[in-house]
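Colleague: So the sequence lines, in the order shown, correspond to chains A and B.
The numbers in my numbering rise by one with no breaks, and the one at position 57 of the first sequence is 57.
The numbers in my numbering rise by one with no breaks, and the one at position 2 of the second sequence is 2.
Protein chains: 2
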Amino acid sequence: MDVKKVPDIITARLPVYLRALQRMADAGLKTTSSQELGEKVGISAAQIRKDVSQFGEFGKQGTGYSIDYLMDRLREILKVNRIWDVIVVGAGDMGHALANYQGLINRGFNIVAIFDNNQEKIGQTIGDYVIEDSDNLIEYVKESGIKIAILTLPASAAQIVADELIEAGVRALLNYAPVSIATPPNVKIQYIDPAIHLQRMTYYL
Amino acid sequence: MDVKKVPDIITARLPVYLRALQRMADAGLKTTSSQELGEKVGISAAQIRKDVSQFGEFGKQGTGYSIDYLMDRLREILKVNRIWDVIVVGAGDMGHALANYQGLINRGFNIVAIFDNNQEKIGQTIGDYVIEDSDNLIEYVKESGIKIAILTLPASAAQIVADELIEAGVRALLNYAPVSIATPPNVKIQYIDPAIHLQRMTYYL
């Protein structure tokens, strides 16, 4: 399909729609409407129809969407109709939580290795993983062709490690370190920092 | 100060500026420019000047911003010139990671209690916390006047617990459960779901 350039703000909502559709499918539903989906995700039905229409025709007026079909198409658009190998750099509490988290594999992501530079941690296990030496990180990325890395590092190390990973071929970073990281235009970065999210709400309290 | 209605997209960037300024202050810097700050956070200098000017005059042309002064003002705007008590509901891996996380207290948030409904977890300790029985959650919220809760629950429980918390007086929810939660207009909600963030990047890979 020929996809026109779609604004980031729209593509950012598609994973939210996919997550809600997955929950409907898990509950045994077969079809939904923009109205129903909108109520699940807190977005207007009109906005959902507009967002989805950016990528082609998905539903017929009055009959709603086939949940399976819409999920398949969203997975295709988001390129999670496959499994991406992902590495985690940093085996602290957050690295542990991610290693044990079961919610990635069914959404397109498989954590394949966890790295740390702490000699006391290297060789220890977290679930099915053996913590690997971060001295071997760059070689691993180059040999495996890994494109996605999750950083659960101290702020002071995040930029340096990010630069090395990008140099080795990583193109998407999910950063848990509480610091902004500079990346070239061909590399995507997303941030998870609970204090930032909390501060976005206290403004309104 | 009389603050006009500022778009959400602008207020959402203020915590990112504050975080970058804090790092500059930690490094011993006293002043910065919109150019320098922009490079740290990946936002144009013009955008930063525009965002900050929504809230009054902060810097003089050519002399830049006093880091301490700008931080003080941003903390005041974001209402983190005080410490907010926060509860965590759900003592799984993510609850553990949050309880041990040192990065909230110096940014305006103090986790005061952690709750779970698992009888085997109740009474166990995480760091300085004793896991409390979620049967006591609502009474705790009402008596303490807690306004902010972090949910690290299974998706199936998140809406029910959120409804109860809101009924008890909570006005801001940070939700780690992989599900959208419906909230009334006077309640703020933010989401942390690593799969959503990862899917926002694979679209571009």
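The C-beta atom is built at its ideal place from N, Cα and C for all residues, glycine as well.
A quick note: this is a predicted structure, and the numbers were derived from the prediction, not measured.
#1: So that I know if they touch, is there some Cβ in chain A lying closer than 9 Å to that of residue 150(B)?
#2: Less than 9 Å between the beta carbons of residue 68(B) and residue 14(B), yes or no?
#3: Nearest by alpha-carbon distance to residue 129(B): which of 159(B), 86(B) and 169(B) is it?
#4: So which residues of chain A does residue 204(B) contact, with C-beta pairs closer than 7 Å?
#5: Among the residues of its own chain, which have a CB less than 6 Å from the CB of residue 109(B), if the five just before and after it don't count?
#6: Establish whether the CB of residue 121(B) and some CB of chain A are separated by less than 9 Å.
#7: List the DSSP bridge partners of residue 188(B).
#8: Would residue 3(B) be called buried (16 or more neighbouring beta carbons within 10 Å of its own) or exposed?
#9: State the start and end residues of the unbroken alpha helix (DSSP H) segment that holds residue 146(B).
#10: When the cut-off is 9 Å and only beta carbons count, does residue 80(B) lie next to chain A?
#11: Closer than 7 Å by C-beta to residue 194(A): which residues in its own chain qualify, once you throw out the five before and the five after it? Chain order, please.
#12: Could you check how far apart the C-beta atoms of residue 96(A) and residue 26(B) are, in whole angstroms? I think they sit under 8 Å.
#13: Residue 142(B): buried (16+ other C-beta within 10 angstroms of its C-beta) or exposed?
#14: Since residue 48(B) and residue 34(B) are thought to touch, with beta carbons under 8 Å apart, how far apart are those beta carbons, to the nearest angstrom?
#15: Could you work out which residue in 32(B), 198(B), 45(B) and 19(B) is closest to residue 63(B) when comparing CA atoms only?
#16: Quick check: the Cα distance between residue 173(B) and residue 167(A), rounded to an integer number of angstroms?
#17: Can you name the residues that DSSP bridges to residue 163(B)?
#18: Which runs of the beta strand (DSSP E), 3 residues or longer, sit entirely within the segment 53 to 124 of chain B?
#19: Compute the distance between the beta-carbons of residue 150(B) and residue 191(B), then report whether it is under 9 Å.
#20: If you draw a straight line from the alpha carbon of residue 79(B) to that of residue 170(A), how long is it in whole angstroms?
#21: To which residues of the same chain is residue 1(A) closer than 8 Å at the C-beta, ignoring the five residues directly before and after it?
#22: Indicate whether residue 178(A) and residue 75(B) have their beta-carbon atoms separated by less than 9 Å.
#23: Is there a Cβ from chain A that is less than 9 Å from the Cβ of residue 147(B)?
#24: Which partner residues does residue 133(A) have in the DSSP bridge list?
#25: Quick check: is the beta carbon of residue 36(B) nearer than 9 Å to any beta carbon in chain C?
#26: I need the DSSP call for residue 202(A), collapsed to helix, strand or coil.
#27: For residue 11(A) and residue 72(A), what's the separation of their Cα atoms in angstroms?
#28: Measuring alpha carbon to alpha carbon, tell me which of 181(A), 139(A) and 42(A) ends up nearest residue 153(A).
#29: For residue 102(B) and residue 111(B), what's the separation of their Cα atoms in angstroms?
#30: Assign residue 9(B) to one of three DSSP states: helix, strand, or coil.
#31: Hey, residue 126(B) and residue 100(B) are a contact pair by Cβ (cut 8 Å); roughly how many whole angstroms apart?
#32: Just to confirm my understanding: we take residue 132(A), look at its own chain, exclude 5 residues before and 5 after, and list those with CB closer than 6 Å. What are they?
#33: Pop quiz: residue 106(B) and residue 134(B) are said to be a contact at Cβ under 8 Å. What is the actual Cβ separation, rounded to whole angstroms?
#34: Closer than 7 Å by beta-carbon distance: list the chain B residues that pair up with residue 185(A), in chain order.
#35: Just checking: is the beta-carbon of residue 39(A) within a distance shorter than 9 Å of some beta-carbon in chain B?
Modeller: Once the coordinates are examined:
#1: yes
#2: It is not a contact, given that the beta carbons lie outside the stated cut-off.
#3: Minimum Cα distance to residue 129(B) is reached at 86(B).
#4: Under a criterion of Cβ atoms nearer than 7 Å, the residues of chain A adjacent to residue 204(B) are, in order, 188.
#5: 84 and 86
#6: no
#7: 172(B)
#8: Confidence in residue 3(B) is poor, its pLDDT being 49 and thus under 50, which makes the residue's placement too unreliable to answer from.
#9: For residue 146(B), no alpha helix (DSSP H) encloses it, and the DSSP letter there is neither H nor E.
#10: yes
#11: none
#12: Not a contact, Cβ separation roughly 27 Å.
#13: exposed
#14: 4 Å
#15: With distances taken between Cα atoms, residue 63(B) lies closest to 32(B).
#16: 38 Å
#17: BP columns for residue 163(B) are empty, so no partner.
#18: 84 to 89 and 109 to 116
#19: no
#20: 37 Å
#21: For residue 1(A), the pLDDT reaches just 45, beneath the cut-off of 50, and the residue's location in the model is therefore unreliable, leaving the point undetermined.
#22: no
#23: yes
#24: According to DSSP, which records beta bridges pairwise, residue 133(A) is partnered with 116(A).
#25: In summary, chain C is missing from the structure at hand, where the protein chains are A and B.
#26: Correct three-state label for residue 202(A): helix.
#27: 15 Å
#28: 181(A)
#29: Each residue's Cα considered, the two are about 10 Å apart.
#30: helix
#31: Correct: roughly 7 Å between the Cβ atoms.
#32: 113 and 115
#33: With 8 Å as the limit, residue 106(B) and residue 134(B) do not qualify as a contact, their Cβ atoms being about 28 Å apart.
#34: Residues of chain B passing the Cβ test: none, with the nearest at roughly 11 Å.
#35: Chain B places a beta carbon closer than 9 Å to that of residue 39(A), counting this residue as a contact.
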